[in-house]
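Listed in order, the protein sequences are those of chains U and P. Residue 49 is where the first sequence starts when you use our numbering, and the numbers rise one by one after that. Residue 80 is where the second sequence starts when you use our numbering, and the numbers rise one by one after that. Note that the Cβ used here is the ideal one computed from N, Cα and C, for glycine as well. If you're wondering where the values come from, they're calculated on a predicted model, not measured in any experiment. Each remark here refers to the structure printed beneath this line.
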Amino acid sequence: MSPAVLAQLEALYREHHAYVWRNLQRLGVSESQVADAVHDVFLVVARRLHEFEHRATMRTWLFAISFRVAQSFHRDRQRQAQREQPLDDPDAGPAPDASADTSIMLHQLLQRLDDDKRAVFILAHLEGMTASEIATVLGLKIPTVYSRLRLAREVIERALNDAPANTQRRAQR
Amino acid sequence: MNRLGELLQPLIDAEQRSPGPAPQAVTDCWDRIAADVRRGSLPAIDVPPPAPSRSPLLWATVIVLGVALLGAVAYVSRGSNELAPSATISAPAPFDPSRTAPPSSAPAVVDPQPALQALPVAPQPVLQALPEEPFEPADSASSVKRVTRAIRPNRTADATVEEDTFAAELRLLADGQAALNRGDHALALEIADQYQKTYPDGHFREERDALRVIALCAARSPKAAAAARRFLRAAPNSIHATRVRDACAVSTDTP
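As structure tokens, this is what we get:
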């Protein structure tokens with residue numbers, strides 16, 4: 049890779065690493081692994097950067113890459129967990145923890161969702177994308193976006209309603 | 080603000096305020112990236128090439144095409160001319176196969192809907208060609224009849240295809256969006272009302288409200304601005320919020 053391209057990559061990293069970091073956490077990559085995941089995301093960017101024609105926004109592309117890297121980390125974690133102990137019920141998810149800070153609680157809430165619904169929910173409610181944009185980023189049909197979004201909203205709203213009131217008050221501070 | 084928005088917003092705000100990675104971690108991560116890039120050790124994780132960005136309005140075109148397919152299936156399945164009277168509402172839009180060919184420069188891998196990628200973005204039909212006078216449904220009685228015909232479930236004995244509720248709701252809203260795109264704002268409003276009556280607990284209540292608000296704004300109804308502000312207050316994080324703001328030229332900050 050030429051120095052000029054490496055410089056371009058570094059500029060992208062400086063501009064977008066926080067966005068990538070935050071969304072990998074939202075996508076369920078653990079705190080201890082998020083730096084490795086960011087590293088992998090930007091190596092993919094390095095490999096595919098020559099294809100970027102500025103017809104997409106860089107962030108939507110970065111999210112698509114982050115989504116796949118996060119899925120890869122989840123698969124690795126599941127394989128490791130299967131080797132070590134039986135899996136817990138994936139639908140149960142951790143209960144929102146009143147002792148955790150609120151950004152962790154948001155990430156815990158998102159863990160109530162499976163990978164597909166979580167990505168749709170993040171893009172719609174946290175990144176403010178339209179259904180069309182979400183469909184493009186995730187390679188889905190628009191009715192599928194709406195369907196997953198509806199189901200995700202139900203899960204998140206139920207979890208929020210079940211969360212301890214003091215947790216919600218902490219978030220508002 | 081709706082219930083989910085009320086519950087979620089403090090958490091989103093708190094996340095935005097959270098400090099993020101430590102500067103040293105950011106630097107260390109870049110050093111590893113740069114070293115691996117120089118060594119050429121790039122990961123095997125496959126990702127799509129960058130997708131072209133699309134206008135937020137393209138979804139309407141997509142749904143209209145979905146209606147076209149649903150309409151075609153229903154027509155063939157029912158084998159009757161029952162759909163004909165409602166053709167002004169729910170008939171598929173003219174479908175030009177030549178428009179489905181992806182442009183030669185389009186990426187071949189990323190887009191799961193290549194037929195849609197090549198479609199031109201539908202021009203926003205609102206605001207430009209509308210009369211200045213306040214909105215009045217010109218022919219609401221006939222519109223109701225048309226809507227009723229369009230959405231009445233086919234209960235004939237020879238009906239072999241039963242749409243599930245989801246598809247029926249989607250089709251009805253697509254009819255509304257198609258009406259809006261045609262500039263038939265009165266019909267779009269009627270369809271939004273009909274959706275509310277038919278599916279009071281439907282899957283797409285937010286979409287219904289967005290359709291109604293945008294139709295009011297497109298028709299320059301005196302109720303439009305207030306309706307838009309109500310929508311934006313109730314659903315500030317809605318995926319339709321941008322469309323409502325654009326169509327109605329309001330924000331939640333506007334009194």
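- Short of 8 Å from the beta carbon of Q56(U), and not among the five residues preceding or following it, lie these beta carbons of its own chain, in chain order: L97.
- Sequence-ordered contacts of the segment 73 to 100 of chain U with chain P read A83, V86, H87, D88, F90, L91, V92, A94, R95, R96, E99, F100 [C-beta pairs closer than 7 Å].
- Within the model, the alpha-carbon separation for R322(P) versus R118(P) is close to 47 Å.
- Under the Cβ criterion of 9 Å, R127(U) is not counted among the residues facing chain P.
- Here D254(P) is buried. Its C-beta has 16 or more other C-beta atoms within 10 Å.
- Sequence-distant partners of V89(U) (beyond 5 residues in either direction) whose C-beta falls short of 8 Å from its own C-beta, in its chain, are V68, L72, L110, I113, S114, V117.
- The DSSP-derived three-state label of T178(U) is coil.
- Look at T108(U) here: in three-state DSSP terms it is helix.
- For the pair of segments examined, the segment 294 to 301 of chain P was found to touch the segment 263 to 278 of chain P: the number of CB pairs separated by less than 8 Å reaches three.
- Against chain U, the CB of D254(P) has no partner CB under 9 Å away; the residue lies outside that interface.
- When C-beta distances to chain U are compared with 9 Å, the residues of the segment 101 to 123 of chain P below that value are A104, V105, D107, C108, W109, R111, I112, A113, D115, V116, R117, G119, S120, L121, P122, in chain order.
- Note on A183(U): 16 or more other CB atoms within 10 angstroms of its CB, so buried under the neighbour-count rule.
- V116(P): member of the alpha helix (DSSP H) spanning 102 to 118, first to last residue.
- Using a Cβ distance threshold of 9 Å, R201(U) and L90(P) do not count as a contacting pair.
- Residue nearest to N260(P) within the set K276(P), A326(P), A303(P) is A326(P) (criterion: CA-CA distance).
- In this structure G99(P) is in contact with R70(U), their Cβ atoms being roughly 7 Å apart against a cut-off of 8 Å.
- Ranked by Cα distance from N316(P), the first of L199(U), T192(U), F169(U), L208(U) is F169(U).
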